[in-house]
Each structure stands twice: as structure tokens, then as C-alpha cells.
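Visitor: This is the structure I want to talk about, given as C-alpha cells.
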Amino acid sequence: MQLIFEQSVPGRQGFKMPVSDVPAKTQIADRYRRIKECAWPQVSELEVVRHFTKLSQLNFSVDSIFYPLGSCTMKYNPKFTEAVARLPGFADLHPLLAQLSDGESLAQGALKVLYDMDRFLSEITGMDDFTMQPLAGAHGELTGVMLIAAYHKAKGNKKKYIIIPDSAHGTNPASAATAGYDIISIPTKKDGTMDVEILKKKLNPDVAAVMLTCPDTLGIFNSDIDKIAEMVHNVDGLMYYDGANLNAILGRCRPGDLGFDVIHINLHKTFATPHGGGGPGAGPVGVKKRLSKYLPISRVVQRPNKTLFLDYDCPDSIGYTSSFYGNFAVILKAYAYILLLGKDGLTETSNHAVLNANYIMHRLKKYFTVPYERTCMHECVFSAAQQVEKGVHAIDIAKFLIDQGIHPPTVYFPMIVKEAMMVEPTETESKQAMDRFIDCMIKAADLAQRNPSMFKDLPITTPISRPDETKAARDVDCNFFFDTK
Amino acid sequence: MNPYIANTPEETQEMLRTVGAKSIDELFGDIKPHHRPKSFNIPDGKSEFEVVKYFKRLSAQNATSLIYFLGGGYYDHYVPAAVGALISRGEFLTAYTPYQPECSQGTLQALYEYQSAICTLTQMDVANASLYEGGTALYEAAMMAVRITGRNKIIMDGGVSPIYRKILKSYTTNLDIEFQETPVVHGQSDRAQIKKILDKKTAAVILQNPNFFGAIDDHSDIIDEAHRLGALVVESVYPVSLGILKTPGEMGADIVTGEGQSLGLPLNFGGPYLGFMATKKEFVRKMPGRIVGQTVDAQGRRCFVNTLQAREQHIRREKATSNICTNVASCAVQSLIFMCLLGKEGLKELAQLNLDKAEFARLTLEKIKGIEVKRSSPTFNEFTVDLKTDASRVVAAMLKRGYAAGFPLGRYYKGMENYLLVTVTEKRTKDEILDFAKNLEEVLCN
């Protein structure tokens, strides 16, 4: 497809500016002026509309097809939340308004969204206080680790390490390292849970925290979680909960009750806000009381007369971690989702997410290796080990599914499973949609035995075939204008 | 009834039989009785109609008809309707990170176009596919400079947004980074002082144009001096201003970041916004965040992929260039749609309108007795006014009259309690500006 820049025709413009009603053409000195013109395309509004409509049609999306991308929780995103976020009282509100004297009185509705979400998320997770500021899951992790560092610093603890199981998301070690910690990795046992014996050996007074996903990335809930928490607390370490998989346990248990001290939540996963082709998400962070005073500036606080204000007087805080109060529109959509579903609706989402994942695992276990065969939570992990013997890899099966009009599962993650295929159907998929996926997977398994060579050229139904990724990395071209600059 | 779950009671039973479980509860057997929640006090659910009604009422508790002369890095620009219509398409909104390029060419091509649009705007070689927002993008740029130079001293100009400076400090508390801040003189960078403290330990000088006071500058001389000593320069910019102002690329800056909210994103009470980042080609492998690259498919056709992923956390884990995973792809595409609608001429017109309106406001406010409009340096669409009285009180009084009159600088700058930062975008009409001045004069007289 042509780039929008290749459609540019001098003289066209897709937007009509207002005619100036003030004296025109204020001059500024040449030395402050731009020399070379900006090359934004010159196209009409219709051309812009067609271009982006066509581009959108090249995407697979939840709105159009089954998207069981494990760990990413590609559930349906209710449309009414978009309408709520577009209300002018929210969409057109300037963030600095709430920082002006008396300005907060003109932002009470927005502050209530943040305040109520703090309360709701605390109740859902069993924590005491939340900050809405982190702008994504990984940003929440970094914020959480900074809170852990502040806690230890205040106690005079000199801690150097953060312990992370080898099944963890890559963001966990990256966030811990960004905050200045060294990483100790713990292997996974044959039953799919973290090896507690090795954890015991590695735990020492220099350990600042253990970061866990629970259920973990293999979709398994570790029944010994409270015992692990006790061990970690015994060396004055803190327990960090990666909330990526919170959608499995709503109403069933709460990280705060299990012994976790710090948690982040991916609102775009559990609370159904759109993933946007890779963001924006939101990663609020919750803590137990003893860590509350370190939360980022500012905090939304309620006065005795029930009015809300932004408290900037937080002397122990880790400081500003983003410019304002979080990805407000995302938080607003998640809030609307919680209000609509309510207590029972939230519990049901986890019930059916778990049922659907187990259904798929049971229907497919005859055809694909299940590395950890036990009841799973909201996602199940297969290995293409049997298919690899015929030369068919997880990526080949992924491309086969694309030709069937299904988005592939997450492949090659978790890294500890060879040829991993991680399937997360979510609660919003129908049995019929899952049955169709199962049929396609069975067909793939069958073809892998009978005709393995056919996979190499897949997909064939898409606008492009497999890209040359080596060339992309070797001859980096990420700017159309580079040569003409 | 949960409208987002398809399974009927019959289907649920059928699936449970397949799984070999008697009940859904049985599937949660790994969660032991002593793990059960101590409480789960969430209100009962409501219908969509009831929830929407609640939000209409709630949103009405926020300002809906204020006339904004408030900016400070976040601007009340008009967003063409086509932007919202296109970005709301489910095919963009409900896709995820394009891990499978064959079925994600829409997002990938759009992000390639976005990167290109940012490069030509800033006159830089390469851009990434976005970061969270302007403040955290500046922090990422500072750390990138530390990685590239292997040095740890950072010089920060006092004209850089005070919010951004606070963010940088929070993130580097536990790291071995030395910050030196140089205060502004007459609203501009203290270039003599910056050059004086620049040395061979300096990783980066961080500058902003226009700076927080709205002053515009040409930083070429500071950049030359930094390069002579092997330091890099990070420049934070306001994208709309680049329709007229000298670009960071033309000044020789090494890393450019900024807040992209002004490129077609609503104010949204602080987010989601758009952090953009661009740099020189030689630094592309040190840049954080997703990067979309052009390549060819097996048939030699042009296509787009996430590239240089070996920098990223999902491959490199603790050795990654950043912990960033998702960015704000949807906001990046949204800004691209805006940039395409404007085109090169629209950008120039928009910048000129902002400049002209602000200049008209400046001249109008100068006529008010007893206040002083600062003239020590040229400005773009923001300028400072010395009200000779507590600016925050004046702003509070103006709010009652329907105006967000500006940002009181005393909030972040000690000794500037009487100073107001006034912003004027293309949305302000001549009449609004005249009425604003009249009201301001009345408030000051009272």
C-alpha cells in the first residue's frame, strides 16, 4: 500500500484553518526560524479518511476476529466506555486546572473518578492505597520497585537484589534493573511452579523483594504463595505482585490477603480497556499501609466535607513519576466497566475466563504437548514439540492460524517452554468461536504430520507474506525522509 | 446477566463435562479456602443506561465552558472531527502490539509513517514509535545519553518544564547521576553558565524550546560547545511551534523529545498523551521503545516490522535499553492522522495563528496599567506577565469569571509568585482576548 507521503500533491490540505481576526504575520528573527520545510503530506480530508480506513483493514483486531494472544488478555472492550471517555467534561479538561487555587472545584468529577478507582482497586486486590499515575504495566513495575527501594532506604536497609522466577515477563527484570537492582533468577519446577527450595537457598538479607505473577505465566496458581510470602518477609524482603494475570482471580482471592505488599494492575487487561495496537494502557500501583507514604506525588485526598483535592504535601514520596494523574481516560473507562459489571459481574469474568481456558486445554491436549498438565487458570500453554519433529514450529502454526482468520496465540513465551504457544481465550469468547479455533488447531496438527512442508510459505491470504526481519535490522529504515533529509 | 460473556448455563455445563469438572469452583481448587478474600465489597452492577447517566452527571461537575489561557506544555488546540472518527475504528483500537506483522500491517505502516512525520517535523534522522508522554520521554532521553557517553553528569536548564525536571530527579534518585541545574536569566537559558560547567564528565545538556516561560531560542552555540567536549544535547520541543521555529535537527541536537498532546489529542485531564523521541542515525541502536522498520516480504514487496528488538525487554530482560513494553501506539497514530490533515502548509498556518494571537494578547495586556508584560526575549504562544500581586489569587478570581487565566509561576519557581504564564492558541478569538483583558483589569483593580 502507498504511504500517505507518496499520495501528497502540492496545494492540497485536509483541514480548513480559521481566518485570523488579529493583525497578521508577526515576524520573528531569521535566526529563530525553521530553515527546511516540514514534509507532512498534502492530501484532502477524504484521502486521509480512505488511507486510514484501508490501513485499519489490514489489521486483525478483537472487534473483527478471535484473538487468543496469551498473557495479553485480548477481551472485548465495551463500546459504552468509549462514549463515556468522550464526554466533554472529561475529554476537554486541562490537567493543570486542578492545581490552580480553587481550580479543583472545577474538576471534582474527574478527581472522583481517580478517588473511587483508588478505593475500588484497593478492595478488589486487598491493598490499602493506590496511585493511578503509572502509565502502563511496565511503568507500574518501575514505580513499584522504586517504592520498595524507598521503603528499604528509610529503614536503613542496604538491599541489592530482586528475585524473579525464570517464567516472568521480561519487563520484571528490566524494571528492577532500571531502578538499580541486580536480579536473581529462580528456575521453575516440573509442576510449573517456582522452585521453593532454590528460593529458600537464594533468599538472604540483601534481597529487597520477590516479584511474582500469580497465577504465573504458565497459567498456574501456586498454592504455597502465602508460605513464600512468609519466607520473604522473614528476611525483611517485600512481595511484589505483577497484576498481569489478575483477571483470573477476581473475587476468588486478593493479593493483599496472600501477603503481597506492592501490586500493579494492567487496566487494559483485567478491566477491558482497548489495547490500541500497543497502548495506551494504564498500570496503577497499590501498596500496603506501611508503604503508602512513599506513593508518587500527588495523591487525591478527601476532605471531611467530602470535596476532593490533590495533595502535593508528601514529604516521603518517591516524587513525580509522570506529569499528572495517570492515563486518565483509560482509568475512566476501567471505572465505567467496574460500575457496570459490579461485584458478581467481576467474579463471573474470572469464572468464564478460567472455564474457557480449561476447555481449550482439554480439547487440544491430545494433539499438542501440554508441558504442565494440570488445571490451568485463565490461559493454557502448549508446546509444538511433537510438530517440531516434523519440522513444523510454533511460528509455522501461528502463520497457519492467520490464514484461518484467527490471531495466533503468543508464541515462544514463556521462554522456559520450548516452542511455546500460550492461549488465552478470555471470558468474552463464545464456545462456537473457541470450537472453530480448536478445529483449526487440530487441522494444523494433522497437516504437520501429513504435509509439514506446506507450512513454510504461510501465510498466503494476507497482504504480505513473511517479512525479512534480518534485513529490517541490518539496513535500518525507520524514516521515509531519511535519504532526502 | 453479563453482556460480555457468551456462555449460556447449558454451554457452561457442557464445557465443564468436557473438562471433567463438576463445577466452576472446582477449577479454582488451587486457591485454598484460607486464600479466600477477606472482603470483596464492590457495589452491585448496573445497566449501561444507568452508568452512562451517572457519568453525564459526574462530567458536569467539571469545567465545561472555561475559556483557556492556560497551557504550560499542554494546549487547548482544535482537533478535527476526522481524527476521532478514524482512531475510534475498532481495527486500530482493539488490536495489540504488532507481533505478527502479516496481520498487523495497518498499525505497522501507520507507525512507520508516524516516525517519518516526527523526523521531518524535528529534522532528525530516526524516531521511535512513541513513549508514554513528554516527561518520561525526557527521562528516557537522559538515560540514553548516559548510556551512549558512559558519563553521568547532566546539566539541566531551568527553562525545562519544572514538572519534567521533577520526574527526572525521581527516577535517578537511586542511580549514580549528578544533576546540575542552571537558572534562567531574563527568561532564557544562561548560556554562559551552561558553557562554564560543561566538561568532559558531562553526558548531556537538557534544553527546551520554547522554554517553560514561552521564550524561544537558538541553542546552536550551546550544542557546538557540548559537542566539542563530547557531551550530547537533549532538546525538548513543542511540536506545533516547529511550524515556524528552528528545528532541533537544524541546531544540531542529538536527541529530541516532546509532548505530542498538541498534535490532535484531547487534554483528557492529563492523559493518555504522547511522548515522542527522535535522534541521529548513529544512536538508533541505543534508543528505547519500539521501532518500526521497512523491509520486504518473501516476494520482495515492501512491508513493515517491529525491528531492532534485541534492544528490548522481552528479549534482553534486565539488559534492555529500557523497561518499556507497550507505548502509546494509538496516540501516535492519532497524532499522525492530525499531521496528515494539516499537511505542511496547515502546520505553518497553525503555528503562525498561534504566534499572531499570542502577540495580539501580549499587546492588549500591555495596556493594562500596573502590570508588566515581559519582553526580554521573543516568544511563541506563551508569555509571562508580572501582575505585581499574587498571581494565584488573580487566577482564582478569574476562574469565577469563566477564564483559566494562565499558570501562576510561583507554584514551581520561588520568588515568581506575582508572575503569570499566559497561553493563547488558535482557538482564542480577538473578542475573547479583549474580554479576557477587560476582566483581568477589573480583577486587578478590586
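Protein chains in written order, with my numbering: chain C, 1 to 485; chain W, 1001 to 1446. Ideal placement from N, C-alpha and C gives every residue a C-beta, glycine not left out. Owing to the predicted nature of the structure, the values given are computational and were not obtained by experimental measurement.
In the DSSP assignment, find the unbroken alpha helix (DSSP H) run with residue 1054/W in it and report its ends.
Guide: It spans 1048-1059 - the alpha helix (DSSP H) in which residue 1054/W sits, taken as one unbroken run.
Visitor: Please list the residues of the segment 1235-1255 of chain W that have a C-beta atom closer than 9 Å to any C-beta atom in chain A, keeping them in chain order.
Guide: Going by chain labels, chain A is absent from the structure shown, which instead holds the protein chains C and W.
Visitor: Using a Cβ-Cβ cut-off of 7 Å, state whether residue 1445/W counts as contacting chain C.
Guide: Cβ-Cβ to chain C under 7 Å: no for residue 1445/W.
Visitor: For residue 84/C versus residue 1049/W, is the C-beta distance shorter than 7 Å?
Guide: Against a cut-off of 7 Å, the Cβ pair of residue 1049/W and residue 84/C comes out as no contact.
Visitor: In whole angstroms, what is the alpha-carbon distance linking residue 1380/W and residue 30/C?
Guide: 14 Å
Visitor: My output table needs one value for residue 1435/W: the three-state DSSP class, helix, strand or coil.
Guide: helix
Visitor: Are there 16 or more other CB atoms within 10 angstroms of the CB of residue 325/C, so buried, or fewer, so exposed?
Guide: buried
Visitor: With three or more C-beta pairs closer than 8 Å as the rule, is the segment 1132-1149 of chain W touching the segment 1272-1279 of chain W?
Guide: yes
Visitor: Just checking: is the beta-carbon of residue 134/C within a distance shorter than 7 Å of some beta-carbon in chain W?
Guide: no
Visitor: Counting Cβ pairs closer than 8 Å, one from the segment 100-116 of chain C and one from the segment 1017-1027 of chain W, do we hit at least three?
Guide: no
Visitor: Using beta carbons (cut-off 7 Å, strictly below), is residue 492/C in contact with chain W?
Guide: An answer regarding residue 492/C cannot be provided, because it is not within the stretch 1 to 485 covered by chain C.
Visitor: Please identify the residue among 128/C, 304/C, 187/C, 209/C whose C-alpha is closest to the C-alpha of residue 145/C.
Guide: If we check each option's Cα against that of residue 145/C, 209/C comes out closest.
Visitor: I'd like the list of long-range same chain contacts for residue 1167/W, defined as Cβ closer than 6 Å, with 5 residues on each side in sequence excluded.
Guide: 1135, 1139
Visitor: Would you kindly check if the distance between the Cβ of residue 1076/W and the Cβ of residue 1429/W is under 7 Å?
Guide: no
Visitor: Is the separation between the beta-carbon of residue 427/C and that of residue 1031/W shorter than 7 Å?
Guide: no
Visitor: Just checking: is the beta-carbon of residue 1223/W within a distance shorter than 7 Å of some beta-carbon in chain C?
Guide: Judged by the 7 Å Cβ criterion, residue 1223/W is not in contact with chain C.
Visitor: Would you grab the beta carbon distance between residue 1111/W and residue 274/C for me? Rounded to a whole angstrom, and I think it's under 8 Å.
Guide: Between residue 274/C and residue 1111/W the Cβ distance is about 16 Å, and since that is not below 8 Å, they are no contact.
Visitor: Within the continuous alpha helix (DSSP H) that includes residue 1168/W, where are the two ends?
Guide: 1162-1172
Visitor: On the three-pair Cβ rule with 8 Å, is the segment 10-23 of chain C touching the segment 1057-1076 of chain W?
Guide: Segments in contact, no.
Visitor: Would you please verify whether the beta carbon of residue 1317/W is less than 7 Å from any beta carbon of chain C?
Guide: yes
Visitor: Does DSSP put residue 1104/W in a helix, a strand or coil?
Guide: Annotated three-state conformation of residue 1104/W is strand, per DSSP.
Visitor: Roughly how many whole angstroms lie between the Cα atoms of residue 481/C and residue 1113/W?
Guide: 10 Å
Visitor: On a Cα-Cα basis, can you pick out the residue from 1231/W, 1204/W, 1359/W, 1008/W that is closest to residue 27/C?
Guide: 1359/W
Visitor: Do you know how far the Cα of residue 1297/W is from the Cα of residue 71/C?
Guide: C-alpha separation (whole angstroms): 28 Å.
Visitor: Rounded C-beta distance between residue 1267/W and residue 1239/W? I'm assuming under 8 Å.
Guide: Taking C-beta atoms under 8 Å as the contact rule, residue 1267/W and residue 1239/W fail to qualify, at a distance of about 15 Å.
Visitor: 7 Å is my cut-off, CB to CB: does residue 437/C come that close to chain W?
Guide: no
Visitor: Work out the CA separation of residue 1439/W and residue 136/C for me, nearest whole Å.
Guide: The straight-line gap from Cα to Cα measures roughly 42 Å.
Visitor: Reducing DSSP to helix, strand and coil, say where residue 1217/W ends up.
Guide: coil
Visitor: Cβ closer than 8 Å: which chain C residues qualify as neighbours of residue 1393/W?
Guide: 101
Visitor: For the alpha helix (DSSP H) that residue 1033/W lies in, which residues bound it at each end?
Guide: Per DSSP, residue 1033/W belongs to no alpha helix (DSSP H) and is neither H nor E.
Visitor: Report the residue from 395/C, 249/C, 91/C whose alpha carbon sits nearest the alpha carbon of residue 456/C.
Guide: 395/C
Visitor: Taking beta-carbon pairs under 8 Å, can you tell me which members of the segment 10-36 of chain C lie near chain W?
Guide: Per Cβ criterion, the list reads 12, 13, 14, 15, 17, 18, 20, 21, 22, 23, 24, 25, 26, 28, 29, 31, 32, 33, 34, 35, 36.
Visitor: Taking CB distances under 7 Å as the criterion, tell me whether residue 1154/W reaches chain C.
Guide: At a cut-off of 7 Å, the C-beta of residue 1154/W has no neighbouring C-beta in chain C.
Visitor: Would you check whether the ligand FAD has a heavy atom nearer than 6 Å to the C-beta of residue 177/C?
Guide: With respect to small molecules bound, the structure shown includes none, and the ligand FAD cannot be examined in it.
Visitor: Can you look up residue 1279/W in the DSSP assignment and give me helix, strand or coil?
Guide: strand
Visitor: Does DSSP put residue 416/C in a helix, in a strand, or in coil?
Guide: coil
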